[in-house]
Structures are given as structure tokens and as C-alpha cells.
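In the numbering used here, the protein residues as written are 42 to 374.
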């Protein structure tokens, strides 16, 4: 009876070679994808450089739309820093009960100094308060006729800078201090804090509204620029579609054009804000010196540059996408 020879080869080898080939094909597809994007990005940049007047005008529109709210934001942020830099801005005066024992007062001072919301605690004894009143009021002889000192002990309390401009937290702190049995009354002038807070809130709202309105203008301008570019390349687009080019393939160069407009517009906006800060900085410093203040405009810095470039790129890309998505679909061979 004939015997059949059994094959002892490894059947997994073809499978392995097929898997390797599949990975190579996937790698080739990924490389081709990124190569196509890099090519579209460079070509769109070259086309933009070839039309300098139109490109610069579009970039300037984007820059102005970003720079105006950015400068307003810098101003509001600078005022916010200023409101937190006044040491006596939210100083509270605690009038203790008359006749309070020294031991109880010292215990209260230690408790307040341990409070994480308070930066400074100053004690004014009744005698110190009376001497100050005699020196400032100019009628020391009348005060000398009094049989006893009518003034109570006083504590001057300054909250930490982090909450000085936070009206609700300061009000809560006042209520907490007033509940202490040794405290007779707490005085705090909150009007200027509330006014400053309202001014800052209005400034922030104006910044948001102005930024939103100008961003809408950027979308319209970039969209109109991309629409004109599509019309100028109408015949080329029709030929590409005729040979099988997809809408996404045709759309890609115009998206990169909008992205370039936004990126360079954001960079120009940052330069504009820096120049404005440098130009106004000396004047603001001289004005602050007249009021014995070290107030200065907040520096927009590298972080601000990255934010403006990112916002500009997003606006340019969205504006281009809105224009391309509508007009490319209408062009059919």
C-alpha cells in the first residue's frame, strides 16, 4: 500500500507575509495622506504669497478683529491686578466691646492671625486711639476734661489679596467676624469694591461682545476671499472633478489658505498689541507715578501670542470651510 509523504512546512509563513504586506500598504497610505496635506499646505502658501495685496488685506482684517478685544482684555486684566494691589482696599475695622480684657483681646488677635483669609491684623488700644484723635482733631483740651477714655479697642484687619476684589467673599468674612462675642461692630466701605467689580464685569462683557461681532466679520471676510479664489480657479476645479477628484480633495487647498490667513492674522494682531503696550506703557507709568502707584499694563506675553494665533487659525479655517462647503458642491462638470 503506497504511503503519502506528509508536508512539514510552516503554513503560517504566507499569513505572516500577507500581514507584513498589509502593514506596508497601510504605511504607504498614511505617508501619501500626509504628503498630500503637506503639498496642499505649501502650494496654498505659495499662491497666497503670489497675491500679496489681497493676502495682506485679509490678514489685516483678521488682525484687527483679534487685536481690539485682546487690547481690551489686557486693560481689564490690568485693572483687575490694580484692584488687588491696594493693601488697604478692603481694610475692615473691628470695634471691640468696651472694657474687653487684654487676655481676651490677645486671644482674638491670635485667632485672626491664624485665619488663612486674613493677611494683616493691627491692634489699636484705647489710649492709642485717643492720642491719635487728639492730634488729628485739634481739640485735645476738651478730650482731657473727660473722666475716662470713651474709645473702645480697635482691630484693623486686611484680607489676603486673593479675595480683596471678591465682594461676596469679603461680605461673608465681615459676617463671620461680626459674630464673635468680643466684636461690637465691623465697618467696611464696600461701595468702591462693588463699583470696581461692576466696571470689570462690564469690561469683560464688552470684550466678549466685541470679540464675537468681530469674529463674525472675520468669517465673512475670509469666506468671501475664498469664494473669489474658487471662482478664479473654476476651470481647474472642473477638470479635477472630471478626472475623478473628490470634493474633499478639491476643498483641501482652500482650507489651508484660510488657515494661513488666520495664523498670520493672529501673529500680526499679537505684534499690534505688543506695540500698543510699548507705546502706552510709558504714559501709563507716568500717570501712575503721579498717584504714587506702580500700576503697569499687563504683558500679553508668549501665551497671548499662542492664543491669538490659535484663534486666528480657527476663524480662518472655519470661514474657509463655510465658503468651500457651499461653492465646491455647486461646481460639477
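We treat Cβ as the ideally placed atom computed from N, Cα and C, and that holds for glycine.
Distance between residue j and residue i (C-alpha atoms, nearest Å)
| i | j | result |
| --- | --- | --- |
| residue 329 | residue 116 | 14 angstroms |
| residue 228 | residue 154 | 19 angstroms |
| residue 239 | residue 337 | 21 angstroms |
| residue 345 | residue 118 | 13 angstroms |
| residue 144 | residue 170 | 19 angstroms |
| residue 236 | residue 208 | 10 angstroms |
| residue 282 | residue 257 | 31 angstroms |
| residue 262 | residue 289 | 22 angstroms |
| residue 242 | residue 253 | 17 angstroms |
| residue 76 | residue 319 | 42 angstroms |
| residue 245 | residue 277 | 47 angstroms |
| residue 91 | residue 71 | 30 angstroms |
| residue 159 | residue 215 | 11 angstroms |
| residue 45 | residue 66 | Its pLDDT being 49, under 50, residue 45 is placed unreliably in this model, and the value from its coordinates should be taken loosely. If I take the Cα positions, the gap works out to 40 angstroms. |
| residue 269 | residue 280 | 18 angstroms |
| residue 358 | residue 324 | 38 angstroms |
| residue 284 | residue 94 | 33 angstroms |
| residue 110 | residue 121 | 16 angstroms |
| residue 371 | residue 255 | 29 angstroms |
| residue 347 | residue 315 | 13 angstroms |
| residue 317 | residue 82 | 32 angstroms |
| residue 96 | residue 64 | 42 angstroms |
| residue 134 | residue 311 | 45 angstroms |
| residue 436 | residue 213 | Because the chain spans 42 through 374 in this model, residue 436 falls outside it and cannot be assessed. |
| residue 79 | residue 69 | 15 angstroms |
| residue 219 | residue 197 | 13 angstroms |
| residue 139 | residue 163 | 17 angstroms |
Per-residue DSSP class, three states only, for residue i
| i | result |
| --- | --- |
| residue 355 | helix |
| residue 225 | strand |
| residue 93 | helix |
| residue 200 | strand |
| residue 47 | Interpretation of residue 47 is limited by its pLDDT of 47, a score under 50 that renders its predicted location unreliable; the figure taken from the coordinates is listed afterwards. Note: residue 47 maps to coil in three-state DSSP. |
| residue 367 | helix |
| residue 361 | helix |
Neighbourhood of residue i by C-beta distance below 7 angstroms, restricted to the same chain and skipping five residues each side
| i | result |
| --- | --- |
| residue 313 | 104, 108 |
| residue 86 | 301 |
| residue 305 | 100 |
| residue 354 | 300, 303, 304, 307 |
| residue 363 | 260, 264 |
| residue 273 | none |
| residue 84 | 294 |
| residue 326 | 337 |
Spatial neighbours of residue i in its chain, beta-carbon cut-off 6 angstroms, leaving aside the 5 residues before and after
| i | result |
| --- | --- |
| residue 295 | 267, 361, 365 |
| residue 226 | 136 |
| residue 292 | 365, 369 |
| residue 102 | 262 |
| residue 161 | 199 |
| residue 32 | For the chain, the structure presents residues 42 to 374; residue 32 sits outside this window and is missing. |
Distance cut-off 7 angstroms: residue i Cβ against heavy atoms of the ligand GDP
| i | result |
| --- | --- |
| residue 329 | No copy of the ligand GDP appears in this structure; indeed no ligand is present at all. |
8 angstroms contact criterion, which residue i and residue j should meet: CB distance rounded
| i | j | result |
| --- | --- | --- |
| residue 260 | residue 303 | With a Cβ gap of about 10 angstroms, residue 260 and residue 303 do not count as contacting. |
| residue 89 | residue 287 | So it is not a contact: roughly 24 angstroms between Cβ atoms. |
| residue 349 | residue 322 | Not a contact, Cβ separation roughly 19 angstroms. |
| residue 248 | residue 113 | 5 angstroms |
| residue 167 | residue 193 | 6 angstroms |
| residue 368 | residue 271 | 5 angstroms |
| residue 165 | residue 195 | 4 angstroms |
| residue 221 | residue 149 | 7 angstroms |
Close Cβ partners of residue i (< 8 angstroms) along its chain, the five nearest in sequence each way excluded
| i | result |
| --- | --- |
| residue 157 | 201 |
| residue 251 | 109, 110, 113 |
| residue 351 | 307 |
| residue 141 | 193, 194, 223 |
| residue 342 | none |
| residue 129 | With a pLDDT of 47 at residue 129, under the threshold of 50, the modelled position of this residue cannot be trusted; read the value that follows with caution. Here the set comprises 199. |
query: Which ranges does the alpha helix (DSSP H) cover as unbroken runs of at least 4 residues, wholly within the region 265 to 318, from first to last along the chain?
result: 275 to 283
Checklist line | Entirely enclosed alpha helix (DSSP H) segments - the region 130 to 178, minimum 4 residues | finding: 143 to 154, 167 to 178
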